[in-house]
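J.:
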Amino acid sequence: MTKKRKILITRILLFVGTAISLFFVPWLLVKVWILPIPDTVQEQLDEAIGHGFDGMIVYVDQGGQPPQYYAAGWHNREFEIPANPHALFKIASISKLYDAVAVTKLVSDGRLSLDKPIADYLPELVGRIENAEKITLRLLIQHRSGIPNFTDTPDFWASPTQTYEESLALILDQPANFEPGEDYEYCNTNYLLINKIMDDELGFANFQFIREEILKPLNLNHTYGSLSEVNLMDVMSGYHVGHPFDLKEDDHGMVATAEDVGIFLRALNDGSLFEQGEQEIYASIYEYEHAGWVPGYQSFAKYHKDLDAVIVEFYSTTDPKLYNWNLSEIINNRIVKILKRQ
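My numbering applies: residue 1 is where the sequence shown begins, and numbers increase by one.
#1: Please determine, among ARG211, PRO295, ILE338, ILE214, the residue with the shortest C-alpha to C-alpha distance to SER237.
#2: Among residues of its own chain, excluding the 5 on either side of LEU218, which ones have a beta-carbon nearer than 8 Å to its beta-carbon?
#3: Does the stretch 157 to 173 come close enough to the stretch 304 to 312 that 3 or more CB-CB pairs lie under 8 Å?
#4: Return helix, strand or coil for VAL255, following the three-state DSSP convention.
#5: What do you reckon, are the CB atoms on GLU280 and LYS105 nearer than 8 Å?
#6: Quick check on this structure: which residue in TYR303, SER284, ALA283 has the alpha carbon closest to the alpha carbon of HIS290?
#7: So GLN44 is in the beta strand (DSSP E); what residue range does that whole segment cover?
#8: Quick one: what does DSSP say ASN177 is sitting in, helix, strand or coil?
#9: On the three-pair Cβ rule with 8 Å, is the stretch 102 to 118 touching the stretch 321 to 335?
#10: Exposed or buried, LYS426, counting other C-beta atoms within 10 Å across all chains shown (16 or more means buried)?
#11: Classify ARG144 as buried or exposed, calling it buried when 16 or more other Cβ atoms lie within 10 Å of its own Cβ.
#12: For the beta strand (DSSP E) that contains ASP376, what are its first and last residues?
#13: Looking at the strands, I want to know which residues DSSP matches up with GLU313.
#14: Tell me which same chain residues have a C-beta within less than 6 Å of the C-beta of ASP251, skipping the five on either side of it?
#15: Which residues bound the beta strand (DSSP E) around VAL294?
#16: Which residues does DSSP list as the beta-bridge partners of HIS240?
#17: Does DSSP put LEU112 in a helix, a strand or coil?
#18: Quick one: grab the DSSP three-state call for GLN68.
#19: Decide yes or no for the touch test of the stretch 171 to 183 against the stretch 138 to 156: beta carbon pairs closer than 8 Å, at least 3 of them.
#20: Which value, in whole angstroms, describes the spacing of the CA atoms of ILE197 and ASN206?
#21: Specify the secondary structure class of THR163 as computed by DSSP and reduced to three states.
#22: Taking just the CA atoms, how far does GLU182 sit from VAL16?
#23: Here's the rule: buried if 16 or more other CB atoms are within 10 angstroms of the residue's CB, otherwise exposed. What is PHE204?
#24: Checking the sheet assignment: what are the DSSP bridge partners for VAL235?
#25: Return the CA-CA distance between ASP155 and LEU247, expressed in angstroms with no decimal places.
#26: For a quick check, are the C-beta atoms of ALA72 and ALA83 less than 8 Å apart?
#27: CA-CA distance, ASP54 and ASP234?
#28: Verify the CB distance criterion: does SER272 have a CB-CB separation below 8 Å to chain B?
#29: Which two residues bound the contiguous alpha helix (DSSP H) that contains GLN279?
#30: Kindly indicate which three-state DSSP category TYR286 falls into: helix, strand or coil?
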């Protein structure tokens, strides 16, 4: 076979492979990806609502400029209340950043050790969680424990657990997914256990510690541990495709404004959040950006070093196949491109 013929066949195969892959990609994602980039962030939000999101909030803190607040769509679809850039929102797994900072501060104070295993902190789990004698606090934080993820239980989100005990029961006596430290797998059970370890060490709910050691020093007065602490009217409604009702009343942990999340993220990235020696600990265990998902709510918080910009995006619509998650990521990238052009 000649070299030219080999190249031709390779190109044909690549074309066929691309065509097949595009057949399985929702065309909306392709459409949004190739659309011209709008001139402004607000135009991008308005365009996103046209792609099927019920509501959206964006906060931009770019160095040397006043913070920018954007919103589009509905705060509440049923009552046609417009989106409010200062609304409270369920930040879901973005809360893991706050947990990791809290652990860092407790480790710095000598109250916790990153290298102690679950067996020392929660001895009742020996024999109930595989490798409890090997899984350290460090491995829990880094999602390298191998413990099964309780939110991966079939139909979990149709009837979510409400307590530590209920959540833990879903994975007790299950085989490990891998040996501790041998792999990475994002796992909410890790942080379920981290929160329990912190509660036991503190003698009270760890969010009180987060409030005193993280929120108050940064004057974050619009960040809360649960829906029970807030007026529900201040919380943006959330919707899941195929589900007829507003999901706002389902409690899934921390709620905050986009601005509060942005201020926290800026302090996390520039180190002003930490006391002496703490930043080195944190840098060794966790990341500096995060995203979150619970039914009806998608959240993204990231620091873009090249722009010296913290960008927080909230989307109030989710779907069963996570197409909206992929769509959100495309829109996030387009917002960054708009900021780079300005």
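A virtual CB, placed ideally from N, CA and C, is assigned to each residue, including glycine. These figures come from a predicted structure and were not determined experimentally.
T.: According to the structure data:
#1: Looking at the Cα atoms, PRO295 is the closest of the given residues.
#2: Answer for LEU218: ILE263, PHE264, ALA267, LEU273, listed in chain order.
#3: Taking one beta carbon from each stretch, the stretch 304 to 312 and the stretch 157 to 173 have fewer than 3 pairs nearer than 8 Å; the two do not touch.
#4: The three-state reading of DSSP puts VAL255 in strand, counting E and B together.
#5: No.
#6: Per the C-alpha coordinates, the member of TYR303, SER284, ALA283 positioned closest to HIS290 is TYR303.
#7: Segment 41 to 50 is the alpha helix (DSSP H) holding GLN44; no beta strand (DSSP E) there.
#8: Correct three-state label for ASN177: coil.
#9: Contact fails: fewer than three Cβ-Cβ distances are below 8 Å.
#10: The structure shown does not extend to residue 426, since the chain is modelled only from 1 through 342, so no value can be given for it.
#11: The residue is buried, with at least 16 neighbouring Cβ atoms inside 10 Å.
#12: Coverage of the chain is limited to positions 1 through 342, which leaves residue 376 absent and any answer about it impossible.
#13: VAL58, PHE300, per the DSSP bridge assignment.
#14: Closer than 6 Å at Cβ, skipping near neighbours: SER226, LEU227.
#15: First-last of the beta strand (DSSP E) with VAL294: 290 to 294.
#16: Answer is THR318, bridged to HIS240.
#17: Residue state, collapsed to three classes: coil.
#18: GLN68 carries a strand assignment under DSSP once its states are collapsed to helix, strand and coil.
#19: In short, these stretches touch, since the Cβ pair count reaches three.
#20: Approximately 9 Å between the Cα atoms of the pair.
#21: For THR163, the three-state secondary structure derived from DSSP is coil.
#22: Since pLDDT at VAL16 reaches only 35, below the 50 mark, its modelled position is unreliable, and the value read off the structure follows with that caveat. The straight-line gap from Cα to Cα measures roughly 37 Å.
#23: PHE204 should be labelled exposed.
#24: DSSP lists LEU88 as partners of VAL235.
#25: About 16 Å.
#26: In contact: ALA72 and ALA83 (Cβ atoms closer than 8 Å).
#27: Looking at the backbone, the Cα of ASP54 and that of ASP234 are separated by about 16 Å.
#28: The displayed structure is made up of one protein chain only, and chain B is not part of it.
#29: Looking at the DSSP string, the run of the alpha helix (DSSP H) that includes GLN279 is 278 to 283.
#30: DSSP places TYR286 in coil when its eight states are reduced to three.
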